[in-house]
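Numbering (my numbering), first residue to last: 3 to 202.
The C-beta atom is built at its ideal place from N, Cα and C for all residues, glycine as well.
The following block contains the structure:
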């Protein structure tokens, strides 16, 4: 969800919820352009669903209202901050949105990721290797993991944008509002993906 495309856990859960390719939905963060013909059909469908999810949430009134709570200096990174924090909330409340145990769903995803020979690009290769080696998606369960993620993203931006400290303060002060927004939005998002895939 959001333009930052950093909510890996949400896309994997929504893929599982809708019975679509978890790998394909994950690849939506890394594949650019509209020509997807080089991928298997299931992967194409996953990438397309990923993009539909991002578009749906970017344009949802709940997301718009949440962004208005951000101070001007953080609005440019609002998508990043929301994406990562929503993955934190999903990780903490997984049982509310999925009948399958989180570890089982993620084990299936990691196995699929390890087995793929698809060539997408160097960024995907780096993230793939890190996920297989460290299985860090559940790090978002703790707030310290969220803050580390913000710091890592800031470092990757090479000092062009400073936002990690401000984001840490924001999620502390606006926790209730962000939690409420997530609880309102996520069930709607689950309904959206089921309807989207059923109509395909």
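Scanning the segment 123–191 for uninterrupted beta strand (DSSP E) segments of 3 residues or longer gives nothing; none is fully contained. Between residue 191 and residue 55, the C-beta spacing is below 9 Å. The residue among 132, 165, 114 with its C-alpha nearest the C-alpha of residue 44 is 114. Cβ neighbours of residue 76 within its own chain (closer than 8 Å, five residues either side excluded): 83, 165, 168, 169, 172. In terms of Cα proximity to residue 90, the closest of 69, 74, 50, 145 is 145.
Counted as a single uninterrupted DSSP element, the alpha helix (DSSP H) harbouring residue 87 occupies residues 80–94. By the beta-carbon neighbour count (other beta carbons within 10 angstroms, threshold 16), residue 103 is exposed. Across the structure, residue 122 and residue 149 are spaced so that their CA atoms are roughly 28 Å apart. When DSSP states are grouped into helix, strand and coil, residue 62 belongs to the coil group.
From the listed residues 18, 199, 198, the smallest Cα separation to residue 99 is found for 18. One thing to note: residue 49 has its Cβ within 9 Å of the Cβ of residue 26. In the three-state reduction of the DSSP assignment, residue 20 falls in the helix class. Residue 14 and residue 85 have their alpha carbons spaced roughly 13 Å apart.
In the DSSP assignment, residue 109 falls within the unbroken alpha helix (DSSP H) covering 104–117.
In the three-state DSSP reduction, residue 194 falls in the helix class (H, G or I). In terms of Cα proximity to residue 130, the closest of 177, 193, 118 is 118.
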